[in-house]
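Colleague: Per UniProt numbering, residue 1 is the first one in the sequence shown, and the count goes up by one each step.
Note that the Cβ used here is the ideal one computed from N, Cα and C, for glycine as well.
Can you read through this structure? Questions will come right after.
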Amino acid sequence: MAVEIVSVQQEIAASLEQTFDWFYRSENFIASLLVFKSSWRPGDQWQKGAKRDIIMITGWYAK
Numbered sequence: 001m002a003v004e005i006v007s008v009q010q011e012i013a014a015s016l017e018q019t020f021d022w023f024y025r026s027e028n029f030i031a032s033l034l035v036f037k038s039s040w041r042p043g044d045q046w047q048k049g050a051k052r053d054i055i056m057i058t059g060w061y062a063k
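This is the structure we're talking about:
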């Protein structure tokens, strides 16, 4: 069975700091066409090591 790798990229006019700040907010992930839901785990949002659940077209991702 052949394996295909798909890469989706887009360049944006933002600094590295602005980009990481944007990704810090899980609610921004929903702006992607590949993401259906993105949210912090209950009670975790403001804690060090907080985790979020992201459900996307490729599956479920916990970060």
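Of the residues Met56, Val3, Val8, Glu11, which one's Cα is nearest the Cα of Leu34?
Modeller: Checked all of Met56, Val3, Val8, Glu11; the closest Cα to Leu34 is Met56.
Colleague: Rounded to a whole number of angstroms, what is the C-alpha to C-alpha distance between Ala50 and Trp22?
Modeller: Whole-angstrom Cα-Cα distance: 16 Å.
Colleague: Express the C-alpha separation of Gln47 and Val8 in angstroms, rounding to a whole number.
Modeller: Val8 and Gln47: Cα-Cα distance of roughly 31 Å.
Colleague: Quick check: the Cα distance between Ala38 and Ala31, rounded to an integer number of angstroms?
Modeller: Note that residue 38 is Ser in the sequence shown, not Ala. Spanning the two alpha carbons is a distance of roughly 10 Å.
Colleague: What is the rounded straight-line gap between the Cα of Phe29 and the Cα of Ala14?
Modeller: Cα to Cα, Phe29 sits roughly 16 Å from Ala14.
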